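Asker: Following this message is one structure expressed as structure tokens.
Number of protein chains: 2
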Amino acid sequence: MGAEGQQGGQWADVTPDAARRLVTAAVEAFAERGYHATTTRDIAGRAGMSPAALYIHYKTKEELLYRISSVGHRLALDILRRARDSAGSPADRLSEAVRSFVRWHAEHHTTARVVQYELGALGEEHYAEVVALRRDTDAAVRAIVEDGVASGDFGTPDVPGTTLAVLSLCIDVARWFNAEGKRTPDEVGELYADLALRMVGYAGK
Amino acid sequence: MGAEGQQGGQWADVTPDAARRLVTAAVEAFAERGYHATTTRDIAGRAGMSPAALYIHYKTKEELLYRISSVGHRLALDILRRARDSAGSPADRLSEAVRSFVRWHAEHHTTARVVQYELGALGEEHYAEVVALRRDTDAAVRAIVEDGVASGDFGTPDVPGTTLAVLSLCIDVARWFNAEGKRTPDEVGELYADLALRMVGYAGK
DNA sequence: CACCTCCCTAAGCGCTTGCTCACCTCGGGG
DNA sequence: CCCCGAGGTGAGCAAGCGCTTAGGGAGGTG
Numbered sequence: 001m002g003a004e005g006q007q008g009g010q011w012a013d014v015t016p017d018a019a020r021r022l023v024t025a026a027v028e029a030f031a032e033r034g035y036h037a038t039t040t041r042d043i044a045g046r047a048g049m050s051p052a053a054l055y056i057h058y059k060t061k062e063e064l065l066y067r068i069s070s071v072g073h074r075l076a077l078d079i080l081r082r083a084r085d086s087a088g089s090p091a092d093r094l095s096e097a098v099r100s101f102v103r104w105h106a107e108h109h110t111t112a113r114v115v116q117y118e119l120g121a122l123g124e125e126h127y128a129e130v131v132a133l134r135r136d137t138d139a140a141v142r143a144i145v146e147d148g149v150a151s152g153d154f155g156t157p158d159v160p161g162t163t164l165a166v167l168s169l170c171i172d173v174a175r176w177f178n179a180e181g182k183r184t185p186d187e188v189g190e191l192y193a194d195l196a197l198r199m200v201g202y203a204g205k
Numbered sequence: 001m002g003a004e005g006q007q008g009g010q011w012a013d014v015t016p017d018a019a020r021r022l023v024t025a026a027v028e029a030f031a032e033r034g035y036h037a038t039t040t041r042d043i044a045g046r047a048g049m050s051p052a053a054l055y056i057h058y059k060t061k062e063e064l065l066y067r068i069s070s071v072g073h074r075l076a077l078d079i080l081r082r083a084r085d086s087a088g089s090p091a092d093r094l095s096e097a098v099r100s101f102v103r104w105h106a107e108h109h110t111t112a113r114v115v116q117y118e119l120g121a122l123g124e125e126h127y128a129e130v131v132a133l134r135r136d137t138d139a140a141v142r143a144i145v146e147d148g149v150a151s152g153d154f155g156t157p158d159v160p161g162t163t164l165a166v167l168s169l170c171i172d173v174a175r176w177f178n179a180e181g182k183r184t185p186d187e188v189g190e191l192y193a194d195l196a197l198r199m200v201g202y203a204g205k
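So the sequences go chain by chain: A and B.
Per the UniProt record's numbering, the first sequence runs over residues 1 to 205.
Per the UniProt record's numbering, the second sequence runs over residues 1 to 205.
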């Protein structure tokens, strides 16, 4: 109940009201069944409207997916960049990056699921745009890891590979996280921050 | 080219020949576009047959997915159980489990993609069967981690959580691995075996 | 009051989907 | 020589798809 209600916060600046109801309905439906298995009638129905109303606010079903994907990717990228640019040691910054990135994936796991696993359904141009954002995401984490290796705080033989693995681990939270499970987003974030530090070979504590 | 040709080995015991061609065609199509975006005409076409021929060998499109998912899950489970039951220290066994599990996900990433990411499209009964296999998968890895903690070789505060994370990390290889990329399945397996040992807090070497 | 704009709906178009059915082909046994 | 079953095809059905169109009602403005 209402656990996903906070999701409204993510789409607060989508107007008018009907467009926002449509986008949140689409997130739920895409996350549950996947983009291709979701019908425009289903989305409109969840939003309490007739099928045709969808096309007043969005040109196509794909545009709805693109809006979700674009907003989600930018939100995730901001989280990582904020951590990268924060004060503190590389360990502090990596820990904060993983903690907040994982927390977002768990808290908003419906949105995250669509963002991370449905991008293959995007049109060519939209896909290219999103792939560029994902490269930036990778670069943000790699910058932190490189800082740590340079300062001697981290010890890993393969920086790009380890970066990829850390990101992969975080992203996959969206796949398995269940709101009814026993772990809270905060707990998972804490656990994963610790695991990430071990992965990069952080010795201190 | 032909990197996926080895895939024939996974389906060698599917007879007759036409049924095998259909299942490998379906694996390729499902991995590329996803189950719901793949048409029976596409599968039959890749196998060099008319759309109707599919229904001589399989009752529905869903049964085709089930066959793939079932075989794949059993293969993956066998790999982990063999590692769990092998001789050697917990570190040796965890290392071997992750190495071979990851190698399988990379080498057969098309099959693995279908196995790991399309199970939501299964019918209820088939889904339940596959979920049971996945629980066994988790149990196999957890047994190794518990052994390591009991013997004092590993040091992790959260055994189920760390087990989940290690498995999640391995599974996600199927999502990002690209046969044209610069990493070979062997290299990724080696890197990940090392990362997994760090994650469970393995001190020795 | 007339009028315009913004949302919205009912109906439905053209197409594709998973799947079926009547029929064909062909190698092997009586 | 005929028949038969296994494996295949071409045509096509009912249902559901994304999306369009014609039109209606509510609310603000002259």
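Where is the CB? At the ideal position from N, CA and C, for every residue including glycine.
In this text, all values refer to a predicted model and were calculated from it rather than measured experimentally.
Is E118/A near G34/A, with beta carbons less than 9 Å apart?
Answerer: A contact, by the Cβ cut-off of 9 Å.
Asker: With 9 Å set as the bound, which would you pick, yes or no: does the beta-carbon of H36/A sit closer than that to a beta-carbon of chain B?
Answerer: Interface residue, yes.
Asker: Please decide whether A203/A counts as near chain B, where near means a Cβ-Cβ distance under 9 Å.
Answerer: No, no contact with chain B.
Asker: Nearest chain B C-beta to G5/A closer than 9 Å, yes or no?
Answerer: Below a pLDDT of 50, predicted positions are generally treated as unreliable, and G5/A, at 43, falls in that range; no measurement from the model is reported.
Asker: Using only the alpha-carbon positions, how far apart do D186/A and V141/A sit?
Answerer: Cα to Cα, D186/A sits roughly 20 Å from V141/A.
Asker: Say whether the region 42-57 of chain B touches the region 81-89 of chain B, bearing in mind that this needs 3 or more beta-carbon pairs closer than 8 Å, one atom from each stretch.
Answerer: Verdict: no, contact absent.
Asker: Scan the region 40-86 of chain A and note each continuous alpha helix (DSSP H) run of 4 residues or more that stays entirely inside, going in chain order.
Answerer: 40-46, 54-57 and 61-84, all fully within the region 40-86 of chain A.
Asker: Nearest to V27/A by alpha carbon, out of A52/A, Q116/A, Y55/A and A53/A?
Answerer: Measuring from the Cα of V27/A, the nearest candidate turns out to be Q116/A.
Asker: Tell me where the alpha helix (DSSP H) around A128/B begins and ends.
Answerer: Unbroken alpha helix (DSSP H) run through A128/B: E124 to S151.
Asker: Does the distance from the CB of A193/A to the CB of V102/A come in under 9 Å?
Answerer: Closer than 9 Å, so yes.
Asker: So, does the CB of I68/A fall closer than 9 Å to a CB anywhere in chain B?
Answerer: Output row for I68/A: interface = no.
Asker: Find out if the Cβ-Cβ distance for the pair I56/A, R93/A is shorter than 9 Å.
Answerer: No, they are not a contact pair.
Asker: Would DSSP call M1/B helix, strand or coil?
Answerer: Confidence at M1/B is low in this model, with a pLDDT of 40, below 50, so the placement of that residue should be treated as unreliable; the coordinate-derived value is given next. Here M1/B sits in coil by DSSP.
Asker: Between T39/B, A150/B, V23/B and E96/B, which has its C-alpha nearest S70/B's C-alpha?
Answerer: The shortest Cα separation from S70/B among T39/B, A150/B, V23/B and E96/B belongs to V23/B.
Asker: Quick one: list the residues of chain B neighbouring T162/A, beta-carbon separation under 8 Å, in chain order.
Answerer: In chain order: L191 and L195.
Asker: Using DSSP with H/G/I as helix, E/B as strand and the rest coil, what is P157/B?
Answerer: Here P157/B sits in coil by DSSP.
Asker: Which word fits R113/A, buried or exposed, when buried means at least 16 other C-beta atoms lie within 10 angstroms of its C-beta?
Answerer: With 16 or more Cβ atoms within 10 Å of its Cβ, R113/A is classed as buried.
Asker: Could you check the C-alpha separation between G155/B and G204/B for me, to the nearest Å?
Answerer: Each residue's Cα considered, the two are about 11 Å apart.
Asker: Please determine, among H109/A, A128/A and R21/A, the residue with the shortest C-alpha to C-alpha distance to S50/A.
Answerer: Minimum Cα distance to S50/A is reached at R21/A.
Asker: Could you spell out where the alpha helix (DSSP H) holding E96/A opens and where it closes?
Answerer: Unbroken alpha helix (DSSP H) run through E96/A: P90 to E107.
Asker: Using C-beta distances below 6 Å, list every residue in its chain close to A31/B, excluding the 5 sequence neighbours before and after it, in chain order.
Answerer: So the list reads T110, R113 and V114, once near-sequence residues are dropped.
Asker: Using a C-beta to C-beta distance shorter than 7 Å, which residues of chain A count as neighbours of S100/B?
Answerer: By Cβ distance, chain A contributes nothing, its closest Cβ being about 17 Å from S100/B, past 7 Å.
Asker: Buried or exposed, going by whether 16 or more other CB atoms sit within 10 Å of the CB of K182/B?
Answerer: So K182/B ends up on the exposed side.
Asker: Please list, in chain order, the chain B residues whose beta carbon lies closer than 9 Å to that of Y117/A.
Answerer: Those are Y117 and R175, listed as they occur along chain B.
Asker: Near R81/B, which residues of its chain fall below 6 Å by C-beta distance, leaving aside the five closest residues on each side in sequence?
Answerer: Around R81/B: A140.
Asker: Using the rule of at least 16 other Cβ atoms within 10 Å of the residue's Cβ for burial, across every protein chain shown, is G189/A buried or exposed?
Answerer: Classification for G189/A: buried.
Asker: Have a look at M199/A and D13/A and give me their C-alpha separation to the nearest angstrom.
Answerer: C-alpha separation (whole angstroms): 38 Å.
Asker: For L65/A, would you say it is in contact with chain B, using Cβ-to-Cβ distances shorter than 9 Å as the test?
Answerer: No - not a single Cβ of chain B is within 9 Å of the one on L65/A.
Asker: So T24/B is in the alpha helix (DSSP H); what residue range does that whole segment cover?
Answerer: Unbroken alpha helix (DSSP H) run through T24/B: D17 to R33.
Asker: Excluding the 5 residues flanking G5/A on each side, which residues of the same chain have their C-beta closer than 8 Å to its C-beta?
Answerer: The predicted position of G5/A is uncertain, since its pLDDT is 43 and thus under 50; a value taken from the coordinates is nonetheless stated next. Excluding residues within five positions, none has a Cβ falling inside 8 Å.
Asker: With a cut-off of 8 Å on the beta carbons, I'd call F177/A and A106/A a contact; round off their distance for me.
Answerer: Going by Cβ atoms, the distance from F177/A to A106/A rounds to 5 Å, so yes, they are a contact pair.
Asker: So, helix, strand or coil for Y202/A, using DSSP?
Answerer: Coil, per DSSP.
Asker: By DSSP, does E118/A sit in helix, in strand, or in coil?
Answerer: Note: E118/A maps to coil in three-state DSSP.
Asker: Pair every Cβ in the region 162-174 of chain B with every Cβ in the region 61-70 of chain B, then say whether three or more of these pairs are closer than 8 Å.
Answerer: As far as the Cβ criterion goes, the region 162-174 of chain B does not touch the region 61-70 of chain B, which means the pair count is below three.
Asker: Under 8 Å Cβ to Cβ from G201/B, same chain only, skipping five residues before and after it: list those, please.
Answerer: So the qualifying residues of the chain are F154, G155 and T156.
Asker: Report the option in A52/B, E96/B, G72/B and V159/B whose CA atom is closest to the CA atom of L133/B.
Answerer: That would be G72/B, whose Cα lies nearest to the Cα of L133/B.
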